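If you read the sequence shown in our numbering, its first letter stands for residue 36, the second for the next number, and so on.
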Amino acid sequence: MVQILPGIHRVDDVEENIYLFEEGGGKLALLDTGYPGTAPKIKHHVEKSGFRLDQISRIILTHVHPDHVGSLRAIVDLTKARTFSHWVEAEFIAQRPAYDGPPGGGNRFDPVEVDEKFKDGDKIDLLGGLEILHTPGHTPGHISLYSEDQGILLTGDLFFNQEGNFTLTPPMYTHHTQSAIISARRVAKLKFDRVLTYHGPPILEGGKKRVEELVKTL
Ligand SMILES: [Zn+2]
């Protein structure tokens with residue numbers, strides 16, 4: 036794992052950005068879990084960094100896509116961690132009903148009952164207090180996480196940062212692009228400098244400018 040900011044680690048050797056937050060009392064929180072089969076890699080990297088997998092006490096899911104919840108069942112079984120998502124997305128994560136939006140075909144994962152269901156504006160006591168922002172569009176119950184104090188915006192799949200291009204996640208993966216545009220305009224007004232996307236390298240400075248420039252084009 037690589038520490039990218041104080042108290043925030045990125046699980047390396049997986050294509051996506053799975054973030055691990057250090058909490059007080061030796062506890063850890065995980066943001067998203069990777070495709071099915073990623074749990075052994077997460078375990079390996081957590082242990083290589085001197086932590087134990089059973090220190091993970093909370094798992095937050097930005098949304099239901101299988102590259103985010105694919106290893107959720109396996110990691111919950113290994114850690115007994117409590118799970119968190121937006122209340123709309125929680126029903127899809129439990130497959131009640133199964134999510135049938137884009138990209139389609141590859142939406143297979145083992146269902147999990149989410150323990151704690153967020154609504155927009157909720158706070159979670161991580162990184163000194165992260166605000167939950169309901170940022171629908173990519174999926175109906177997609178969330179972003181925000182710390183005004185630390186100037187950090189964790190955007191899940193609201194944005195894509197691939198090969199130097201900072202964009203909305205492409206329509207082929209997105210439930211409703213017009214809603215994603217409204218979500219992007221909303222977050223562009225916040226105060227932040229760092230944008231941590233799930234796909235592509237984290238933006239550790241100048242993130243607000245990147246979002247503002249993108250939003251002007253939408
Ligand atoms: Zn997604």
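For every residue, glycine included, the Cβ atom is placed at its ideal position computed from N, Cα and C.
A quick note: this is a predicted structure, and the numbers were derived from the prediction, not measured.
Practice problem: Give the C-beta separation of A215 and L231 to the nearest angstrom, bearing in mind that I take them to be a contact with Cβ-Cβ under 8 Å. | Solution: Incorrect: roughly 18 Å between the Cβ atoms, too far for contact.
Practice problem: Identify whether H99 lies in helix, strand or coil by the three-state DSSP scheme. | Solution: The sequence shown places Val at residue 99, not His. DSSP places V99 in coil when its eight states are reduced to three.
Quiz prompt | Whole-angstrom distance between T97 and G172, CA atom to CA atom | solution = 12 Å
Exercise. Take A116 as the anchor and find which of P137, R143, D67, E124 has the nearest alpha-carbon.
Key: D67
Quiz item: So is the beta-carbon of H28 under 8 Å away from any non-hydrogen atom of ligand 1?
Solution: Lying before the first or after the last residue shown, residue 28 is absent from the chain, which here runs from 36 to 253.
Exercise. In angstroms with no decimal places, state the Cα-to-Cα distance between T174 and H211.
Key: 7 Å
Quiz item: So what does T202 bridge to, in DSSP terms?
Solution: F195
Practice problem: Please list, in chain order, all residues of the same chain as H80 whose beta carbon is under 8 Å from its beta carbon, the five residues on each side excluded. | Solution: M36, V46, D47, D48
Exercise. Helix, strand or coil for T114, going by three-state DSSP, please let me know.
Key: helix
Quiz item: Which value, in whole angstroms, describes the spacing of the CA atoms of H177 and G60?
Solution: 29 Å
Quiz item: Apart from the five residues on each side of it in sequence, which residues of its chain come closer than 6 Å, Cβ to Cβ, to F153?
Solution: H121, I167
Quiz prompt | Distance CB(E151)-CB(A129) smaller than 9 Å | solution = no
Quiz item: Since G105 and Y70 are thought to touch, with beta carbons under 8 Å apart, how far apart are those beta carbons, to the nearest angstrom?
Solution: 4 Å
Quiz prompt | Straight-line Cα distance separating M207 from P101 | solution = 15 Å
Quiz prompt | Proximity below 9 Å, CB of L253 to CB of L225 | solution = no
Practice problem: Check whether the Cβ of G191 sits closer than 8 Å to any heavy atom of ligand 1, and report yes or no. | Solution: yes
Exercise. Measure the alpha-carbon distance for F119 versus R143 and round it to whole angstroms.
Key: 20 Å
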